Amino acid sequence: FRNCRVFPGAKDWFLVDDLGQLHTRGLTNANLEASPWCCIADPTGHTILSDDDAPYDVPAERAVLLGGGDNYWHWMIDYLPRLYYAAGEADLGGLPLLVNQGLTRFQKETLAMLKIPSVRLVAAARDRVPRCRELVVPPIGSHETNFDLPALTWLRDALLRNAGNGKKTPRSIYVSRRDAAKRRVLNEKPLVESLRRLGIQAVEFARLRVAEQIRMLNDVDLFVGPHGAAFANILFARPGATIVELVPAGE
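Residue numbers (the numbering used here): 127 to 377.
What follows is the structure in structure tokens.
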């Protein structure tokens, strides 16, 4: 895309081209109506967006849209797989990457594991609209229930290679969401005790570095937990591992 405007978000990056056409396909799994840039969405399917009166120019002639936000699932399964396409094209390999401003710890850790230097990153604030002279936009790694297997396989292999070695990990784990804002297990204390007696150890992924999470999932035979972003890590599970996902009623 040339001379396009990018609308950053946590789960819903999208862009408007130089003709004023909105593009969301291959860019987001979120509802456009949930975007902070959406002012009005009516039943006829028309959406009115707020625009930035003074978009700023990205300081690069050409860049690649990586995107990103503070949700671990979307970072691992949607955004990082875009690097597969950038890595596979010689003329894209060194281009600046447009990412969210204020990278989280897990974003910094995964980018370091993938050998992406910080000098390649161009930060986009969530409340400003960057304008790009030329922007390469690879597809995200998943769309609804369809997954980009070549891109996700590339990401799995690249992160596993750089996850290093660590202490021995349990073979059966339960991943807690006790500190999460939603989808917490209300009777988790007796549940954890019952699972412990079955040889299943409770862990909190939020307290672990990404490399530790990856190594742990690559070692387990059984992974149990409530639905949440931690399930992005099943990308690193070995064939034959058993996954048990607890899903709230109504979801």
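The C-beta atom is built at its ideal place from N, Cα and C for all residues, glycine as well.
A quick note: this is a predicted structure, and the numbers were derived from the prediction, not measured.
Beta-carbon proximity check, residue i vs residue j, cutoff 8 Å
{"i": "Ile299", "j": "Val255", "result": "no"}
{"i": "Arg322", "j": "Pro352", "result": "no"}
{"i": "Ala250", "j": "Pro134", "result": "yes"}
{"i": "Leu224", "j": "Leu191", "result": "yes"}
{"i": "Val248", "j": "Ala189", "result": "yes"}
{"i": "Gly354", "j": "Ala306", "result": "yes"}
{"i": "Gln233", "j": "Trp199", "result": "no"}
{"i": "Leu372", "j": "Asn359", "result": "no"}
{"i": "Leu258", "j": "Cys164", "result": "Checking the displayed sequence, the identity of residue 258 turns out to be Cys instead of Leu. No, Cβ-Cβ distance for Cys258 and Cys164 is not below 8 Å."}
{"i": "Val132", "j": "Leu286", "result": "no"}
Exposed unless 16 or more other CB atoms sit within 10 angstroms - verdict on residue i
{"i": "Ile369", "result": "exposed"}
{"i": "Arg341", "result": "buried"}
{"i": "Asp144", "result": "exposed"}
{"i": "Lys241", "result": "exposed"}
{"i": "Ser176", "result": "exposed"}
{"i": "Pro207", "result": "buried"}
{"i": "Gly195", "result": "buried"}
{"i": "Thr236", "result": "buried"}
{"i": "Arg231", "result": "exposed"}
{"i": "Ser244", "result": "exposed"}
Strand pairing of residue i, partner residues [DSSP]
{"i": "Ile340", "result": "BP columns for Ile340 are empty, so no partner."}
For a minimum of 4 consecutive residues, which ranges assigned as the alpha helix (DSSP H) are wholly contained in the region 221–305?
The qualifying runs are 231–239, 275–287.
Per the contact definition of three or more C-beta pairs closer than 8 Å, is the region 261–276 in contact with the region 306–326?
The answer is no - the region 261–276 does not touch the region 306–326, with fewer than three Cβ pairs under 8 Å.
If you pair each beta-carbon of the region 288–295 with each one of the region 210–220, do three or more pairs fall below 8 Å?
no
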